[in-house]
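Under this note's numbering, the first residue of the sequence shown is numbered 17, with each subsequent residue one higher. Built from N, CA and C at the ideal position, the CB exists for glycine as well. From a predicted model like this one, the values you see are computed outputs, not experimental measurements.
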Amino acid sequence: MDITHIAQNIGYCGLVCTLCHEADKCAGCKSESNCCGKYLSDEGCFQFNCCVKKGINGCWECEEGPCDRDMFGENHDIRNRTFVKVAKNESIEKLAEYVVENQKIGIIYGWNKDYDNLEYEEAVIDLLHNGLNSKYAK
Numbered sequence: 017m018d019i020t021h022i023a024q025n026i027g028y029c030g031l032v033c034t035l036c037h038e039a040d041k042c043a044g045c046k047s048e049s050n051c052c053g054k055y056l057s058d059e060g061c062f063q064f065n066c067c068v069k070k071g072i073n074g075c076w077e078c079e080e081g082p083c084d085r086d087m088f089g090e091n092h093d094i095r096n097r098t099f100v101k102v103a104k105n106e107s108i109e110k111l112a113e114y115v116v117e118n119q120k121i122g123i124i125y126g127w128n129k130d131y132d133n134l135e136y137e138e139a140v141i142d143l144l145h146n147g148l149n150s151k152y153a154k
């Protein structure tokens, strides 16, 4: 997996579109074939609309990001919000590197996979940084 390609295709909200379960038919939210469910919903995707309006590559480039709206709201999984914070603090390339290296050792990215359903941002960060040595590795 090419880390640069993956980093360039991380969605505005921090989703790793290249590794999404829909990747076989959708090239991500920055593509012409955007089939993200949130984007296509009646209310649309706040993160998509906001980033396009601001002319930025993702919420990690926003001074206020990540906000508490839509994909980062309290009723949504904390993975996206945490991925954006890691990209903001360490770089989008570093985030992609963590995810790719963890995939190689069996920590799987995707809907309802290893990064989902963790209770705290610190748990997501620990899993990204420490892989199988994380206390949150399954």
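So within the region 64-124, which uninterrupted beta strand (DSSP E) runs reach at least 3 residues, ignoring any that extend past its ends? Entirely contained in the region 64-124, not one beta strand (DSSP E) run reaches 3 residues.
Judging by CA-CA distance, which residue of 43, 52, 102 and 113 is the nearest neighbour of residue 75? Within the sequence shown, numbered from 1, the residue matching residue 75 stands at position 59. Looking at 43, 52, 102 and 113, the one whose alpha-carbon comes closest to that of residue 75 is 102.
Sufficient close CB pairs (3 or more, under 8 Å) joining the region 111-118 to the region 133-149: At 8 Å Cβ cutoff, the stretches touch.
Tell me whether the beta-carbon of residue 82 lies closer than 8 Å to the beta-carbon of residue 100. As a working mapping, residue 82 is identified with position 66 in the sequence shown. As a working mapping, residue 100 is identified with position 84 in the sequence shown. Yes, the pair counts as a contact, with Cβ atoms nearer than the cut-off.
Can residue 93 and residue 133 be called in contact, C-beta distance under 8 Å? Numbered from its first residue, the sequence shown carries residue 93 at position 77. Numbered from its first residue, the sequence shown carries residue 133 at position 117. Yes, Cβ-Cβ distance for residue 93 and residue 133 is below 8 Å.
Spatial distance of residue 48 from residue 87 (CA atoms): Taking the sequence shown and counting its residues from 1, the one referred to as residue 48 is at position 32. Taking the sequence shown and counting its residues from 1, the one referred to as residue 87 is at position 71. About 21 Å.
Alpha carbon of residue 63 to alpha carbon of residue 23, nearest angstrom: Position 47 of the sequence shown, counted from the first residue, corresponds to residue 63. Position 7 of the sequence shown, counted from the first residue, corresponds to residue 23. Taking the straight line joining both Cα atoms gives about 17 Å.
Terminal residues of the continuous alpha helix (DSSP H) containing residue 137? Position 121 of the sequence shown, counting from 1, holds the residue named residue 137. For residue 137, the uninterrupted alpha helix (DSSP H) segment begins and ends at 137-146.
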